[in-house]
Amino acid sequence: MLQSLRPFLTKMLNPIARNLNINPNIVTVISPFVAVIAAYGFANHLLILGTVTILFSGFLDVVDGAVARYHDKASKFGAFLDSTMDRFADAIIYIGIIFGGYCDWFVGVLAIHSAICVSYVRARAESQGVDCNVGIAERAVRMIILMIGALIGYFAGDIYFTYIIYILVVLSYFTVAQRILHVWRKLND
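Following the working numbering, the numbering of the sequence shown begins with 939 at its first residue and continues without gaps.
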């Protein structure tokens, strides 16, 4: 869904990548640690801290790829590591949200499960040779919605953040269904 922004992001990130000649996997591994700070923020009702650290984590998530591409260090392992660290970060953030009491534990577990399933379905489809970058709520969209929800919760009340989490669960499972349908169509053509 956000693929159309890639040329703009590349143009914006190339100067950063040029000056950051390090192993991109180092940047990738930092992301879950930033997610721990976000989880701490949510667990302690510091919604602005949670929002800012999700934003920073997202920034790191695009910078690692930019560094890898700019310095010709992109690798299959790097892509694997990036995807794995994203799953850790997703779960860690939702665990903080659960501990903060912004949603029932069951809804929080569904949020973790649905986020992981969105990525799993894509990975499994690609292992079958089907490009599966489809769906309404890919990771970047979910993180943007989560940040907006946290800000709304901060200014309008916690209950609105809770509503956003419920919406994210629905959108994530809807994305899983979209991807399954997409793969079914591709493999049955």
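Where a beta carbon is used, it is the ideal one built from N, C-alpha and C, also for glycine. Here the structure is a predicted model, which is why all the values come from computation and not from measurement.
Measure the C-alpha to C-alpha separation of Ser1021 and Phe997 and round it to an integer number of angstroms.
Spanning the two alpha carbons is a distance of roughly 15 angstroms.
Could you check where the alpha helix (DSSP H) with Asp1028 kicks off and where it finishes?
Lys1014 to Phe1037 is the span of the alpha helix (DSSP H), which, as asked, contains Asp1028.
Can you give me the start and stop residues for the alpha helix (DSSP H) that Glu1064 sits inside?
Counting along the chain, the alpha helix (DSSP H) containing Glu1064 begins and ends at Trp1043 to Ser1065.
So, for Ala973: in the same chain, excluding its five sequence neighbours on each side, which residues have a beta-carbon less than 6 angstroms away from its beta-carbon?
Hits under 6 angstroms: Ser995, Ala1027, Ile1030 and Ile1031.
Check whether the Cβ atoms of Cys1070 and Ala1063 lie closer than 8 angstroms to each other.
A contact, by the Cβ cut-off of 8 angstroms.
Closer than 7 angstroms: is that where the CB of Ile960 sits relative to any heavy atom of the ligand SAH?
Among the components of this structure there are no ligands whatsoever, and the ligand SAH is therefore not found.
Determine, using beta carbons only, whether Ala976 and Gly1034 come nearer to each other than 8 angstroms.
In contact: Ala976 and Gly1034 (Cβ atoms closer than 8 angstroms).
Run through DSSP, which three-state label would Asp1127 get?
Coil.
According to the Cβ coordinates, are Val1138 and Leu947 closer than 8 angstroms?
No answer is possible for residue 1138: it lies beyond the span of the chain, which begins at 939 and ends at 1127.
Is the region 1045 to 1059 in contact with the region 1113 to 1120, if contact means three or more CB pairs nearer than 8 angstroms?
As far as the Cβ criterion goes, the region 1045 to 1059 touches the region 1113 to 1120, which means the pair count is three or higher.
Pop quiz: Ile992 and Tyr1092 are said to be a contact at Cβ under 8 angstroms. What is the actual Cβ separation, rounded to whole angstroms?
Going by Cβ atoms, the distance from Ile992 to Tyr1092 rounds to 13 angstroms, so no, they are not a contact pair.
Ala1075 to Ile960, Cα distance in whole Å?
Those two C-alpha atoms are separated by around 31 angstroms.
To the nearest angstrom, how far is the alpha carbon of Ser1110 from that of Ala1049?
Distance between the alpha carbons of Ser1110 and Ala1049: 8 angstroms.
Which stretch, first to last residue, makes up the alpha helix (DSSP H) that contains Val967?
Residues Pro962 to Ala981.
Identify which residue in Leu1084, Ala1088, Val1072 and Met1085 has its Cα closest to the Cα of Arg1123.
Looking at the Cα atoms, Val1072 is the closest of the given residues.
Which residues bound the alpha helix (DSSP H) around Gly996?
Looking at the DSSP string, the run of the alpha helix (DSSP H) that includes Gly996 is Leu985 to Tyr1008.
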